[in-house]
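These notes concern the structure reproduced below.
In my numbering, the protein residues as written are 1015 to 1087.
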């Protein structure tokens, strides 16, 4: 019973992660082709830069390694 529930939740999370990664890629492509702020969207490259700048030091490195491991599963 719980195995089925956990597999369902896992598949939903995998699907949402895939969707979000696709939207980030689409946002990057739109920003490269049309420029920043195209179609009323905020700057994706600047947003990614802001997130990456928050990861500093050893804690940031460990966090990025954990996130990369989770996304590659």
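Note that the Cβ used here is the ideal one computed from N, Cα and C, for glycine as well. In this text the structure is predicted, and so the values were computed from the model without any measurement.
Residue state for residue 1050 is assigned as coil, using DSSP reduced to three classes.
Pairing residue 1023 with residue 1060, the inter-Cα distance amounts to about 32 Å.
Judged by DSSP secondary structure, residue 1063 falls within the alpha helix (DSSP H) whose first and last residues are 1058-1068.
In the displayed model, residue 1015 falls within coil according to three-state DSSP, outside both helix and strand.
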